[in-house]
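Chains A and B are the protein sequences, given in the same order. First residue of the first sequence? That's 380 in the numbering used here, and the numbers climb one at a time after it. First residue of the second sequence? That's 13 in the numbering used here, and the numbers climb one at a time after it. Where a beta carbon is used, it is the ideal one built from N, C-alpha and C, also for glycine. What follows is one structure encoded as structure tokens, with my remarks underneath.
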Amino acid sequence: MDSDSEIAELTKRKEISRSYLRSQTPEAKIAQLMNLQEQYYEMLAVREANGGKPIPAKWKKWHAARHP
Amino acid sequence: MGMRSRRSSIIARCFGFHDLKQMENSLPSTKIGEILSVLDEMRQAGIVDKYAIGGAFAAVLHNEPISTIDLDIFFLFKEKHSSLVLSLDSIYEFARSRGFSFDHEFVNIHGWLVQFVEASHSKLWSEAIENAVVLSIDSREAFVIDKEHLVAMWLFAGRAKDYQKIAMFVDAGILDDERLTNILARHELLVKWESEKWRFTNG
Chain A
380 MDSDSEIAEL
390 TKRKEISRSY
400 LRSQTPEAKI
410 AQLMNLQEQY
420 YEMLAVREAN
430 GGKPIPAKWK
440 KWHAARHP
Chain B
13 MGMRSRRSSI
23 IARCFGFHDL
33 KQMENSLPST
43 KIGEILSVLD
53 EMRQAGIVDK
63 YAIGGAFAAV
73 LHNEPISTID
83 LDIFFLFKEK
93 HSSLVLSLDS
103 IYEFARSRGF
113 SFDHEFVNIH
123 GWLVQFVEAS
133 HSKLWSEAIE
143 NAVVLSIDSR
153 EAFVIDKEHL
163 VAMWLFAGRA
173 KDYQKIAMFV
183 DAGILDDERL
193 TNILARHELL
203 VKWESEKWRF
213 TNG
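Put into structure tokens, the structure is as follows:
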């Protein structure tokens with residue numbers, strides 16, 4: 380597959396996944412948001428553990444609230 | 013493989029799952045219904061009058077999930093406050109009585125960081141609350157700021173993250189242009205829209 384058709388395929392996949400997300404119920408969208416939050420916090424924690432920037436204070440508050 | 017099945021398979025793999033069933037079964041319980049109950053209690057107790065969900069959380073409901081840590085509640089007090097500095101003491105007092113922890117920024121309600129934003133000082137924010145749309149979440153009524161008022165509020169705020177959300181709404185094609193123009197005109201934001209719209213549109 381050449382790079383143009385690969386980009387076209389990836390763009391198509393992105394559009395399909397975004398249109399699926401937009402069509403979800405509010406409850407499902409909120410649940411997806413919660414998954415995103417967990418993934419984002421994990422990314423911040425890995426960054427900190429590897430000597431990068433510390434986890435921002437707001438995200439620490441989020442983690443304490445969600446995982447008491 | 014049929015078209016529909018292929019589409020489902022692509023969606024699931026985009027999110028790291030084998031199929032849609034597995035993806036949907038992995039979704040956590042949100043507890044938003046319980047938060048809506050708390051907001052109803054606050055209204056019944058006369059602590060807040062009208063309210064509407066705003067900010068990035070509202071963007072999630074109208075469009076697609078984006079990461080945000082908090083749940084913004086724009087509200088109006090039942091009583092008109094004469095003081096220049098509005099106090100959220102009654103909200104914190106309610107939170108304390110219900111055992112919810114809080115600091116100056118957030119109230120922790122069932123694991124969500126809820127930020128209460130009093131809106132009476134802004135005609136745009138007050139109008140946004142008055143015109144909130146009603147969505148059903150966990151079989152409860154949820155008042156949510158409509159898409160066009162959200163865009164006007166983000167345009168007014170003018171931070172990079174606000175412009176990103178406007179761009180997402182424009183890209184999704186979910187805005188009512190006439191309604192948006194009317195709101196922007198009413199709140200003297202049309203000039204700013206014209207000067208900034210290159211950020212959100214291809215034209």
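Taking 8 Å as the threshold (beta carbon to beta carbon), is B:E206 in contact with chain A? no
So B:Y63 packs on B:I141, CB below 8 Å; how close in whole Å? 7 Å
Do three or more CB pairs link the region 129 to 148 of chain B to the region 51 to 69 of chain B at distances below 8 Å? yes
Beta strand (DSSP E) segments (min. 3 residues) lying fully within the region 77 to 122 of chain B: 82 to 87 and 119 to 121
Which of the residues in the region 143 to 163 of chain B, read from start to end, lie with their CB under 8 Å from any CB of chain A? L147, S148, I149, D150 and A154
Can you confirm whether B:W124, when its beta carbon is compared against all beta carbons of chain A, has any partner nearer than 8 Å? yes
Specify the secondary structure class of B:F212 as computed by DSSP and reduced to three states. coil
With distance defined between alpha-carbon atoms, name the residue in B:E91, B:L136 and B:F168 nearest to B:G58. B:E91
Do B:F86 and B:S132 have their beta-carbon atoms positioned less than 8 Å apart in this structure? no
DSSP has B:Y63 in a bridge; who is on the other side? B:F87
Decide if the region 141 to 155 of chain B is in contact with the region 40 to 54 of chain B; the criterion is three or more beta carbon pairs, one per stretch, under 8 Å apart. yes
Closer than 8 Å, CB to CB, is A:A444 near chain B or not? yes
Could you list the residues in the region 387 to 406 of chain A with a C-beta less than 7 Å from some C-beta on chain B, going in chain order? R392, I395, S396, R397, Y399, L400, R401, P405 and E406
Quick one: residues in its chain with C-beta nearer than 8 Å to the C-beta of A:E427, no 5 flanking neighbours on either side, listed in chain order? P433 and I434
Could you give the C-beta distance for B:K204 and B:L167, rounded to a whole number, given that I count them as a contact under 8 Å? 6 Å
DSSP three-state call for B:S134: helix, strand or coil? coil
From the DSSP output, in three-state form, read off B:L125 for me. strand
What's the gap between the Cα of B:D84 and the Cα of B:M54? 15 Å
Candidates A:A387, A:S382, A:E388 and A:L412: closest to B:N75 by CA position: A:L412
If you draw a straight line from the alpha carbon of B:W124 to that of A:D381, how long is it in whole angstroms? 46 Å
Drop a sphere of 10 angstroms on the beta-carbon of A:Q418, count the other beta-carbons inside from all chains shown, and report buried for 16 or more, exposed for fewer. exposed
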